[in-house]
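Visitor: Take 0 as the starting number for the sequence shown in numbering that gives the first Met the number 0 and just add one per residue. Even glycine gets a Cβ: it sits at the ideal position worked out from N, Cα and C. Sharing a structure, written as structure tokens. Questions coming.
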Amino acid sequence: MFIKRYSEDFVTTIKKDAHHNQIGTFYYTSDLMHKITTRILEIARYDETVLLLGETGVGKSKIAKIIHENSSRNKKPFDCINCSDPELFEATLFGHKKGAYTGAVSDNPGLLNKTNGGTLFFDEIGNLSTKLQGKLLTLLDDKTYKSIGCNENQIADVRFIFATNKNLRAMIKENTFKEDFYYRIKKSEVTIPPVRERVVDIVEIFFKKKECLNQKYGKNIQTFEQSLIYLAKKYKWPGNFREFDNFLSGLFQWIPKDNKIITREDILGTIENGYFIPEESGVENLSNVYEKISGEQKNNEYASLKEFLSIQEREYIKQILNLNNGNRSVTAKLLKISRNSIQKKIKKYDLKTNSNHRLVI
Ligand SMILES: Nc1ncnc2c1ncn2[C@@H]1O[C@H](COP(=O)(O)OP(=O)(O)OP(=O)(O)O)[C@@H](O)[C@H]1O
Ligand SMILES: [Mg+2]
0 MFIKRYSEDF VTTIKKDAHH NQIGTFYYTS DLMHKITTRI LEIARYDETV
50 LLLGETGVGK SKIAKIIHEN SSRNKKPFDC INCSDPELFE ATLFGHKKGA
100 YTGAVSDNPG LLNKTNGGTL FFDEIGNLST KLQGKLLTLL DDKTYKSIGC
150 NENQIADVRF IFATNKNLRA MIKENTFKED FYYRIKKSEV TIPPVRERVV
200 DIVEIFFKKK ECLNQKYGKN IQTFEQSLIY LAKKYKWPGN FREFDNFLSG
250 LFQWIPKDNK IITREDILGT IENGYFIPEE SGVENLSNVY EKISGEQKNN
300 EYASLKEFLS IQEREYIKQI LNLNNGNRSV TAKLLKISRN SIQKKIKKYD
350 LKTNSNHRLV I
């Protein structure tokens, strides 16, 4: 097994961008995502309507929940309505009286009522017909609505969050999205960037999810070879973090039981044996990645054993410190070294804790 060094530019990127943060189970370390999450937490405090944009699998649904959890409505319900189902949309949202239409066999209070005081997340808003968009205008303007079969106006004490992976501005030009509706939902607009603009976040997700995956699949993976970084950087991940999640699951299923390090062979085996099937539009790209992984392996210099062991040592110390909230004495005890030694290693490997005792890379 050949172990390659982490590429210099990648390590520099990690160091520069190392915020090493998480909100709930949303993990990130990139500077870009740090800025965006700071803004999201700020927006969460105001009771405004939010529009979340971004490709599929970038974490919009997860962020909608985070906004709710960090808002003053967090003790009240969070609910989601998918806008792709025009048949059920109105009845699900507004509710109906018994007998209001064929099939309405009993009273249904509707989501606006059930979510009272909380947050309602309209997912896939780009799939809502312009007719239904028109019907939501009054709700957005004065937060009132009528249940189907009812004449009385009801008040919706609900915060709205909308999300889509579609380009709404382009849809407005094509007359498939209403401009007046767009301006009502975009009071606070946040675009969540794709994987390819923040590859370092993949590393963070790997380290945060690995223990859970080890338990689930009975493995003992601790870290990875540089091949994973190549894959992460060169492959376009059209399904973004959802696709990376699937890749990790496949990898942990495929990898031999006693392996501690993910190797190039493990990555190729996972893909070739169908444990991970890349998204359609990424297939061509992925074959370049195979070549890249193989090519780099042949042509480049290998890390010395000392360098490799240092990388592993740094990673292991960082993990044990993280597991113990940065407590150096406990970490030293667990690693069976003196407190003085752990201090020296923390300095040597430039490991830092922030004010919350969260370690940075
Ligand atoms: N930063 C992150 N940390 C951990 N897991 C993440 C992160 N971002 C996304 N995921 C995971 O990736 C998957 C996709 O996330 P999510 O469903 O929130 O994406 P989305 O933008 O809503 O996608 P879609 O447009 O297809 O609805 C989920 O399993 C989620 O847990
Ligand atoms: Mg979603």
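1) Sort out for me which residues DSSP pairs leucine 51 with in a bridge.
2) Find the nearest neighbour of cysteine 211 within the set Ile228, Leu227, Arg197, Gln252, judged by alpha-carbon distance.
3) Count the other CB atoms, across all protein chains shown, that sit within 10 Å of the CB of asparagine 219; report buried if there are 16 or more and exposed otherwise.
4) In three-state DSSP terms, what is lysine 351?
5) I'd like to know whether the C-beta atoms of leucine 267 and phenylalanine 205 end up nearer to each other than 8 Å.
6) Between lysine 305 and the rest of its own chain, which residues show a CB-CB distance below 7 Å, the 5 nearest in sequence each way excluded?
7) Beta carbon of leucine 136, beta carbon of tyrosine 144: below 8 Å?
8) On the CB-based measure, 16 or more other CB atoms within 10 Å of its CB, does isoleucine 2 come out buried or exposed?
9) Say the cut is 7 Å; is the CB of serine 60 nearer than that to a heavy atom of ligand 2?
10) At what residues does the beta strand (DSSP E) containing leucine 119 begin and finish?
11) Residues in its own chain within less than 6 Å of lysine 177 by CB, not counting five upstream and five downstream?
12) If we ignore side chains and look at the alpha-carbon of each, how far apart do tyrosine 348 and glutamine 342 end up?
13) So which of Lys142, Ser328, Phe223, Ile147 has the shortest CA-CA distance to serine 106?
14) In the structure shown, what three-state DSSP assignment does glutamate 300 receive?
15) Under 8 Å between the Cβ atoms of cysteine 82 and phenylalanine 88?
16) My assumption, with CB atoms under 8 Å, is that leucine 111 sits in contact with valine 157. Please give the rounded CB distance.
17) Quick one: does the C-beta of aspartate 84 sit closer than 7 Å to a heavy atom of ligand 2?
18) Span of the beta strand (DSSP E) holding isoleucine 80?
19) Taking 8 Å as the threshold, find out whether the segment 33 to 53 comes into contact with the segment 228 to 235 through three or more Cβ pairs.
20) Output yes or no for whether 8 Å exceeds the beta carbon distance between isoleucine 35 and isoleucine 65.
21) Take the Cβ of valine 194 as the centre, count every other Cβ of all protein chains shown within 10 Å, and call the residue buried at 16 or more, exposed below.
22) Could you check the C-alpha separation between isoleucine 319 and glycine 217 for me, to the nearest Å?
23) In terms of residue numbering, what span does the beta strand (DSSP E) encompassing isoleucine 22 cover?
24) Is DSSP giving serine 340 helix, strand or coil here?
25) Can you tell which of Gly109, Val189, Lys332, Asn174 has its C-alpha closest to the C-alpha of glutamine 153?
26) Taking the DSSP output, what are the residues bridged to histidine 95?
27) Here's a check: name, in chain order, each residue in its chain whose Cβ is nearer than 6 Å to the Cβ of lysine 61, leaving out the five neighbours to either side.
28) Along the chain, where does the alpha helix (DSSP H) containing tyrosine 27 start, and where does it finish?
29) Tell me, which residues are paired with glutamine 221 by DSSP?
30) Can you name, in chain order, every residue of its own chain whose Cβ lies under 6 Å from the Cβ of tyrosine 100, other than the five neighbours on each side?
31) So, valine 57 versus phenylalanine 240, is the Cβ gap smaller than 8 Å?
32) Which residues share a DSSP beta bridge with glutamine 318?
33) Evaluate leucine 127 with the Cβ neighbour count: other Cβ atoms within 10 Å of its Cβ, from every protein chain shown; 16 or more gives buried, anything less gives exposed.
34) Is alanine 331 near ligand 2, going by C-beta to nearest heavy atom under 7 Å?
35) Quick one: measure Cβ to Cβ for threonine 222 and glutamine 311, integer angstroms, because I've assumed they're closer than 8 Å.
36) Just the Cα atoms here: how many angstroms apart are serine 187 and methionine 170?
Guide: In short:
1) On the sequence shown, position 52 is the one that residue 51 refers to. Under DSSP, leucine 51 shares a beta bridge with Ala162, Val189.
2) The residue you call residue 211 lines up with position 212 of the sequence shown. Ranked by Cα distance from cysteine 211, the first of Ile228, Leu227, Arg197, Gln252 is Gln252.
3) Counting from one through the sequence shown, the residue named residue 219 turns up at place 220. Exposed, by the Cβ-count rule.
4) Working through the sequence shown from its first residue, we reach residue 351 at position 352. Here DSSP, grouped into helix, strand and coil, assigns lysine 351 to strand.
5) The sequence position of residue 267 within the sequence shown is 268, counting from 1. The sequence position of residue 205 within the sequence shown is 206, counting from 1. No, the pair does not count as a contact, with Cβ atoms beyond the cut-off.
6) Your numbering for residue 305 matches position 306 in the sequence shown. Closer than 7 Å at the Cβ level, and outside the excluded window around lysine 305, lies no residue.
7) Within the sequence shown, numbered from 1, the residue matching residue 136 stands at position 137. Within the sequence shown, numbered from 1, the residue matching residue 144 stands at position 145. No, the pair does not count as a contact, with Cβ atoms beyond the cut-off.
8) What you label residue 2 is simply residue 3 of the sequence shown in a count that begins at 1. Note on isoleucine 2: pLDDT 40, under 50, position unreliable in the model; the coordinate value appears next. Isoleucine 2 comes out buried.
9) Counting from 1 along the sequence shown, the entry for residue 60 is found at position 61. Flag set: Cβ of serine 60 near ligand 2.
10) Mapped onto the sequence shown, residue 119 falls at position 120. For leucine 119, the enclosing beta strand (DSSP E) covers residues 118 to 122.
11) Position 178 of the sequence shown, counted from the first residue, corresponds to residue 177. In chain order, Thr129, Gln132 place their CB closer than 6 Å to the CB of lysine 177, counting only its own chain and leaving out the 5 sequence neighbours on each side.
12) Translated into positions along the sequence shown, residue 348 becomes position 349. Translated into positions along the sequence shown, residue 342 becomes position 343. Cα-Cα distance, rounded: 10 Å.
13) Mapped onto the sequence shown, residue 106 falls at position 107. It should be pointed out that residue 106 corresponds to aspartate in this sequence rather than to serine. Closest option to aspartate 106, Cα to Cα, is Ile147.
14) Taking the first residue of the sequence shown as position 1, residue 300 is located at position 301. With a pLDDT of only 47 at glutamate 300, under 50, the local geometry of the prediction cannot be trusted, and the value read off the model is given with reservation. DSSP places glutamate 300 in coil when its eight states are reduced to three.
15) The count along the sequence shown starts at 1 and reaches residue 82 at position 83. The count along the sequence shown starts at 1 and reaches residue 88 at position 89. One thing to note: cysteine 82 has its Cβ within 8 Å of the Cβ of phenylalanine 88.
16) Here residue 111 corresponds to residue number 112 of the sequence shown, with the count starting at 1. Here residue 157 corresponds to residue number 158 of the sequence shown, with the count starting at 1. Their Cβ separation, rounded to whole angstroms, is 6 Å, which keeps leucine 111 and valine 157 in contact under 8 Å.
17) As a working note, residue 84 is residue 85 in the sequence shown. Result no, Cβ not under 7 Å from ligand 2.
18) If you number the sequence shown from 1, residue 80 lands on position 81. Secondary structure note for isoleucine 80: its beta strand (DSSP E) is the uninterrupted segment 77 to 81.
19) As far as the Cβ criterion goes, the segment 33 to 53 does not touch the segment 228 to 235, which means the pair count is below three.
20) Stepping through the sequence shown from its first residue, residue 35 is reached at position 36. Stepping through the sequence shown from its first residue, residue 65 is reached at position 66. Taking 8 Å as the Cβ cut-off, isoleucine 35 and isoleucine 65 do not qualify as a contacting pair.
21) Mapped onto the sequence shown, residue 194 falls at position 195. It is buried - the Cβ of valine 194 has at least 16 other Cβ atoms within 10 Å.
22) Within the sequence shown, the letter at position 320 stands for residue 319. Within the sequence shown, the letter at position 218 stands for residue 217. Just so you know, the alpha carbons of isoleucine 319 and glycine 217 end up roughly 20 Å apart.
23) What you label residue 22 is simply residue 23 of the sequence shown in a count that begins at 1. Boundaries of the beta strand (DSSP E) around isoleucine 22: 20 to 22.
24) Within the sequence shown, numbered from 1, the residue matching residue 340 stands at position 341. Taken through DSSP and simplified to helix, strand or coil, serine 340 comes out as helix.
25) Translated into positions along the sequence shown, residue 153 becomes position 154. Per the C-alpha coordinates, the member of Gly109, Val189, Lys332, Asn174 positioned closest to glutamine 153 is Gly109.
26) Taking the first residue of the sequence shown as 1, we reach residue 95 at position 96. The partner list for histidine 95 (beta bridge, DSSP) reads Asn107, Ile147.
27) The sequence position of residue 61 within the sequence shown is 62, counting from 1. Correct list, in chain order: Phe25.
28) Taking the first residue of the sequence shown as position 1, residue 27 is located at position 28. For tyrosine 27, there is no enclosing alpha helix (DSSP H); the enclosing beta strand (DSSP E) has its first and last residue at 25 to 27.
29) For the purposes of this step, residue 221 is taken as residue 222 along the sequence shown, with counting starting at 1. Its beta-bridge partners do not exist; DSSP assigns none.
30) Reading the sequence shown from its first residue, position 101 is the one you call residue 100. Counting only residues of its own chain and dropping the five nearest sequence neighbours on each side, tyrosine 100 has no CB closer than 6 Å to any other CB.
31) Taking the first residue of the sequence shown as position 1, residue 57 is located at position 58. Taking the first residue of the sequence shown as position 1, residue 240 is located at position 241. Yes.
32) In the sequence shown, residue 318 corresponds to position 319, counting from 1. Among the bridge pairs identified by DSSP, glutamine 318 is matched with none.
33) The residue you call residue 127 lines up with position 128 of the sequence shown. Residue environment analysis places leucine 127 among the buried positions, since at least 16 neighbouring C-beta atoms fall within 10 angstroms of its C-beta.
34) To locate residue 331, count along the sequence shown from 1; it is residue 332. Relative to ligand 2, alanine 331 has its C-beta separated by 7 Å or more from all heavy atoms.
35) Working through the sequence shown from its first residue, we reach residue 222 at position 223. Working through the sequence shown from its first residue, we reach residue 311 at position 312. That pair is a contact at about 6 Å.
36) Here residue 187 is taken as the residue at index 188 of the sequence shown, counted from 1. Here residue 170 is taken as the residue at index 171 of the sequence shown, counted from 1. Taking the straight line joining both Cα atoms gives about 19 Å.
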